[in-house]
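K.L.:
Take this structure, written in structure tokens, and hold onto it; I'll ask about it next.
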Amino acid sequence: MTLKDQVTQCRLCPRLVQFRETLPKRASFQDQEYWRKPCPGYGDPHAKLMILGLAPSAHGGNRVGRIFTGDESARFLFACLHEVGIANQSTSESLTDGLELKGCYITAAVKCVPPQNKPLASETKQCKSFLIQEIAELKNLKAILALGQLAFQVALPFIGEVKEEKFAHGLHLSGERLDLFASFHPSPQNTYTGKLTKPMLVGLLRHIQAVVF
Numbered sequence: 002m003t004l005k006d007q008v009t010q011c012r013l014c015p016r017l018v019q020f021r022e023t024l025p026k027r028a029s030f031q032d033q034e035y036w037r038k039p040c041p042g043y044g045d046p047h048a049k050l051m052i053l054g055l056a057p058s059a060h061g062g063n064r065v066g067r068i069f070t071g072d073e074s075a076r077f078l079f080a081c082l083h084e085v086g087i088a089n090q091s092t093s094e095s096l097t098d099g100l101e102l103k104g105c106y107i108t109a110a111v112k113c114v115p116p117q118n119k120p121l122a123s124e125t126k127q128c129k130s131f132l133i134q135e136i137a138e139l140k141n142l143k144a145i146l147a148l149g150q151l152a153f154q155v156a157l158p159f160i161g162e163v164k165e166e167k168f169a170h171g172l173h174l175s176g177e178r179l180d181l182f183a184s185f186h187p188s189p190q191n192t193y194t195g196k197l198t199k200p201m202l203v204g205l206l207r208h209i210q211a212v213v214f
């Protein structure tokens with residue numbers, strides 16, 4: 002069984018399974034069939050950079066079947082990825098939209114949408130085996146960009162021995178195995194308030210390209 006199949010067929014966390022399968026549709030998507038399964042990672046199999054989010058959103062990834070797709074976080078992120086040449090287009094709306102990534106792979110620490118966007122520690126731990134496999138399969142991987150504090154904490158053990166550092170936007174840690182970069186999550190609560198702006202994320206992505214690519 003491929004890693005993608007392992008992810009999409011997973012039912013190990015009862016709370017997440019129940020939530021993803023019974024979550025009411027948003028009114029604007031009533032005519033669409035929701036994915037309601039775990040969302041596997043996607044991107045360039047020769048990627049040097051992994052972008053790590055927390056989990057699929059209720060009406061984005063859980064609806065479409067791909068993280069950072071079909072929601073406001075996706076629109077912000079892909080506008081930035083397209084500007085620096087990592088994505089071939091500035092939008093991510095569906096599985097059939099023609100999106101391609103260059104040198105980059107995108108995944109989530111937790112593959113299922115969690116209630117209130119807050120997975121339990123046990124659920125994050127349960128999902129860690131998938132992230133281990135994803136990192137192992139990316140033979141050219143050099144760095145992880147963690148979007149948000151929780152993704153940053155999940156990524157830390159994978160980079161090797163580093164001095165303990167507090168999460169901050171733009172943080173760069175050089176580990177024994179991988180480099181780790183940190184960014185505020187591109188959620189509306191950060192982007193609408195100006196906590197994270199497009200120049201901030203584009204600037205960080207250009208810095209990562211200079212270091213990693």
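Just add 1 to the spot in the sequence shown (first one is 1) and you have our numbering.
C-beta atoms are modelled at their ideal positions from N, C-alpha and C, and glycine is treated no differently.
These figures come from a predicted structure and were not determined experimentally.
Taking the alpha-carbon of Leu146 as reference, which of Glu165, Leu17, Leu172 and Leu24 has the nearest alpha-carbon?
P.N.:
For the purposes of this step, residue 146 is taken as the residue at position 145 of the sequence shown. When each option's Cα is compared against that of Leu146, the closest is Leu172.
K.L.:
Residues in the same chain with beta-carbon distance under 6 angstroms from Leu121, minus the five sequence neighbours each way, listed in chain order, please.
P.N.:
Sequence index remark: in the sequence shown, residue 121 carries index 120 (1-based). Contacts found: none.
K.L.:
Going by beta-carbon coordinates alone, are Gly125 and Val155 separated by less than 8 angstroms?
P.N.:
In the sequence shown, the residue the question calls residue 125 occupies position 124. In the sequence shown, the residue the question calls residue 155 occupies position 154. Going by the sequence as given, residue 125 is Thr instead of Gly. Against a cut-off of 8 angstroms, the Cβ pair of Val155 and Thr125 comes out as a contact.
K.L.:
For Gly104 versus Ala48, is the C-beta spacing smaller than 8 angstroms?
P.N.:
Here residue 104 refers to the residue found at position 103 when the sequence shown is read from its first residue. Here residue 48 refers to the residue found at position 47 when the sequence shown is read from its first residue. In contact: Gly104 and Ala48 (Cβ atoms closer than 8 angstroms).
K.L.:
Please classify Ala169: is it buried, with 16 or more other beta-carbons within 10 angstroms of its beta-carbon, or exposed?
P.N.:
Counting from 1 along the sequence shown, the entry for residue 169 is found at position 168. Burial call: exposed.
K.L.:
What whole-angstrom Cβ distance do Ser183 and Leu151 have, given they're in contact under 8 angstroms?
P.N.:
As a first step, residue 183 is located in the sequence shown; it is residue number 182 there, counting from the start. As a first step, residue 151 is located in the sequence shown; it is residue number 150 there, counting from the start. The question names Ser, yet the displayed sequence has Ala at residue 183. The pair is not a contact, with the Cβ atoms about 11 angstroms apart (cut-off 8 angstroms).
K.L.:
Considering only C-alpha positions, which residue in the set Val114, Cys40, Glu166 and Gln10 is nearest to Pro25?
P.N.:
In the sequence shown, counting from the first residue as 1, residue 25 sits at position 24. In terms of Cα proximity to Pro25, the closest of Val114, Cys40, Glu166 and Gln10 is Val114.
K.L.:
Count the other CB atoms, across all protein chains shown, that sit within 10 Å of the CB of Pro57; report buried if there are 16 or more and exposed otherwise.
P.N.:
Along the sequence shown, read from residue 1 onward, the residue named residue 57 stands at position 56. Buried, since its Cβ has 16 or more Cβ neighbours within 10 Å.
K.L.:
For Phe214, I'd like the list of residues in its chain whose CB is within less than 8 angstroms of its CB, leaving aside the five on either flank, ordered along the chain.
P.N.:
For the purposes of this step, residue 214 is taken as residue 213 along the sequence shown, with counting starting at 1. Within the same chain, Phe214 has close Cβ partners Lys49, Leu50 and Gly104.
K.L.:
What are the boundary residues of the beta strand (DSSP E) that includes Cys81?
P.N.:
Residue mapping note: residue 81 aligns to position 80 of the sequence shown, counting from 1. Per DSSP, Cys81 belongs to no beta strand (DSSP E); it is in the alpha helix (DSSP H), Glu73 to Glu84.
K.L.:
Expressed to the nearest angstrom, what Euclidean distance is found between the alpha-carbon atoms of Glu94 and Leu174?
P.N.:
Locating residue 94 in the sequence shown gives position 93, where the first residue counts as 1. Locating residue 174 in the sequence shown gives position 173, where the first residue counts as 1. Roughly 32 angstroms between the two C-alpha positions.
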